[in-house]
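Heads up: the structure comes next, in structure tokens.
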Amino acid sequence: MTSVLQQLMKVFVTRRIPPAGQAVLTQAGVCSIQQWDSEEPIPQAELLAGVAGKDGLLCLLSDRIDKKVLDAAGPNLKVISTLSVGYDHLAIDEIKKRGIRVGYTPDILTDATAELTVALLLATSRRLPESILEVKNGGWTTWKPLWMCGYGLSGSTVGIIGLGRIGRAIGYRLKPFGVKRFLYTSRQPKLEAAAELKAEFVSIDKLAKESDFVIVTCSLVPETQGMCNRDFFRKMKETSVFINTSRGAVVNQEDLYEALVNGEIAAAGLDVTTPEPLPTDNPLLSLKNCVILPHIGSATYSTRNVMSALAANNLLAGLNGEDMPSELKL
Ligand code: NDP
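Take 875 as the starting number for the sequence shown in this note's numbering and just add one per residue.
Put into structure tokens, the structure is as follows:
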């Protein structure tokens, strides 16, 4: 028995994960699991201690896996599996240098995230949180012709920054609302997705100038960091609505605040911010024309369970030297 245990590979899991993934890990019987068994994030000191000597690491997007963590893990670390499609929290260059494989969770969260983006867009453009508050606080005195008016999708131009898996799924869902024209940017033109939406591949300037709704769904990489800044917002129409469900750092939040306060754009809806959680005294939270959600893009029970199982299976496959169900090409 002792010899079998000695052969088990050691993994560290940085949080309590949804039951489907937990079951995959425990039933596999091929690794000894050490886990930060909590709903709350692991403190840095616990993470550094926990990863030491491990063969595998299952982490979340809130865990920054940088050089320090990789050094603490040491040379045994073969695989990192993240419970997310975004991987901007992983020091990819260092990981690559050390020959560590990475698993992630694309595709399976696309529908849930696209659905949430549409919900956020409608909530922002039709001023739902503000309206609900007025009903509760007695601000609803009578029916008034221009009270709580917003902007509709019918006949509009929608600009999608990053027509990847999620961007495409958002476009597909918005089309039946009567959107007249889709514009998009990506590093490369996306011929198939663009044909489906009759979307035009345009410069970011043209997208900013001509869109009634700007939706950010690109990945966070050095080129997209701070991309939505003062210059960008100044190019947008005063009647336009800005939505971000990618990563907070794509947006310069001070510039966004100025644009909202000065009426350079009509409204913003954010599912992602810098930092997360956003401190409750952040100026953006004082604005009626800014709707902020706590990073719930993929938050359906089924999606999170499927993500959890995929992350566990990626980890196991990586440990066994097999093809992962979803491996990030480094
Ligand atoms: P994809 O890789 O399919 O799409 C990312 C898109 O970003 C690609 O079309 C890519 O273009 C584009 N892109 C990259 N760099 C640039 C750039 N410099 N300018 C314009 N576009 C660029 O990923 P997904 O659609 O699956 O996910 C997108 C992102 O959404 C994730 O990286 C993650 O950060 C975020 N996300 C947020 C969630 C939430 O809860 N709010 C949930 C899930 C994901 P190209 O293909 O040409 O390189």
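Where a beta carbon is used, it is the ideal one built from N, C-alpha and C, also for glycine.
If you're wondering where the values come from, they're calculated on a predicted model, not measured in any experiment.
Out of SER1030, SER1093, ASP1155, ARG1039, the CA that lies nearest to the CA of THR984 is found in ARG1039. Note that the C-beta distance between SER1182 and PRO892 is below 7 Å. ASP945 has its alpha-carbon roughly 28 Å from the corresponding atom of GLY1122. Proximity to THR1113 across ALA1186, THR1177, GLU1004, ASP1086 peaks at ASP1086, based on C-alpha coordinates. Less than 7 Å separates the beta-carbon of SER955 from that of LEU1189. An exposed status is given to THR1154, since fewer than 16 other beta-carbon atoms sit within 10 Å of its beta-carbon. Taking a 10 Å sphere around the C-beta of ALA997, we find 16 or more other C-beta atoms and assign the residue as buried. In the three-state reduction of the DSSP assignment, ASN950 falls in the coil class, being assigned neither a helical nor a strand state. Measuring C-alpha to C-alpha distances from LEU1184 to each of GLY1171, ASN1194, MET1198 identifies MET1198 as the nearest. Uninterrupted beta strand (DSSP E) stretches at least 3 residues long and entirely within the segment 955-1037 occur at 975-977, 1031-1035, given in chain order. Nearest neighbour of ALA988 by Cα position, chosen from GLY1036, ALA919, ILE969, turns out to be GLY1036. Annotation for SER1176 indicates a beta carbon at 6 Å or more from all heavy atoms of the ligand NDP. The Cβ-Cβ distance between LEU1081 and LEU1057 falls below 7 Å.
Following the DSSP letters along the chain, one finds LEU1144 inside the beta strand (DSSP E) bounded by residues 1141-1144.
If you ignore the 5 residues before and after ARG938, its C-beta comes within less than 7 Å of the C-beta of HIS963, all in its own chain and listed in chain order.
DSSP places THR1119 outside both helix and strand once states are collapsed to three, so it counts as coil.
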